[in-house]
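Scroll down for the structure; my scribbles are underneath it.
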Amino acid sequence: MSGTKDAETLFTASCQCGSVRFTGTELPRTLTQCHCRTCCKISGVPCTWASAKISALKFTHQDTLVEYHSSDIAKRGHCSRCGSVIFMQYHFRLPNDTDFPVGIIDEDSVKGSLPSLTSHIYCAEASKPRWDSIPEDGLKRWDTMPPEFLKDADRWRSEQASSAGP
Ligand SMILES: [Zn+2]
Ligand SMILES: [Zn+2]
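Residues in the sequence shown are numbered from 8 upward in steps of one, following the working numbering.
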């Protein structure tokens, strides 16, 4: 019966040198362009993130995948051989959700279609580099993150603080 079959692979993704690869059984539903300084440092430009359920992704090659804690609330993964950005994960959204740069999707592998850009985050002048001028494309823009997300981050931070003890 189809219920016991593995879910179909709908896309593959890989770093530039091919040492890190994963497959996905769900296509991303949103693409969020982040203008924050950390993304600009790490990617060289604003990074367009695809959201995914971790359970829908499966690494097939990951020997050169390394993690880096870019802030108190997030860690990022990249290939130690070619430098490609592989993922971004917020501690308070684990073990469920991850983001990965849409640019690492192998386009010819996609079954179906990828969404267009959905929104911009970290758009406030104080949040992004001065050289980054965001086009007037009519998409949703947030000064930093959506309020829901900020609330979750604050709750996580206070839980961390209280569990550390006196
Ligand atoms: Zn690589
Ligand atoms: Zn960012």
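All residues carry an ideal CB built from backbone N, CA and C; glycine is no exception.
| Asked | Found |
| --- | --- |
| Among 58, 42, 53, which residue has its Cα nearest to the Cα of residue 103? | 58 |
| Do you know offhand how far residue 35's Cα is from residue 154's? | 22 Å |
| Can you check DSSP and say which residues form a bridge with residue 220? | Residue 220 lies beyond the stretch modelled for the chain, which goes from 8 to 173, so this question has no answer here. |
| Between residue 18 and the rest of its own chain, which residues show a CB-CB distance below 6 Å, the 5 nearest in sequence each way excluded? | 31, 112, 116, 117 |
| Tell me the start and end of each unbroken beta strand (DSSP E) in the region 59–138 that is at least 3 residues and wholly inside, in chain order. | 64–68, 72–76, 81–86, 92–97, 104–108, 126–128 |
| If you follow the beta strand (DSSP E) that residue 21 is part of, which residue opens it and which one closes it? | 18–21 |
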